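Residue numbers (the UniProt record's numbering): 1 to 51.
Notes follow the structure.
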């Protein structure tokens with residue numbers, strides 16, 4: 001799992017996922033899965049569009 005920065009990510013339902021990589025990990029990934037999100041929530045960070 002990766003995010004805008006390395007570290008833990010807290011989901012919208014309140015649980016924490018630890019051990020995440022930063023966005024540069026996308027360049028080394030074999031498969032990239034992008035989860036859906038509600039339109040009423042903030043849009044994904046633009047940094048991910050570079051990969």
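Glycine included, every Cβ here is placed at the ideal spot set by N, Cα and C.
Predicted model, so just to flag it, every value in this text is computed and none were measured.
- Residue 9 is bridged by DSSP to 17.
- Within its own chain, the residues whose Cβ lies closer than 6 Å to the Cβ of residue 9, once the five positions on either side in sequence are excluded, are 3, 17 and 20, listed in chain order.
- Of the candidates 7, 24 and 12, 12 places its Cα closest to the Cα of residue 35.
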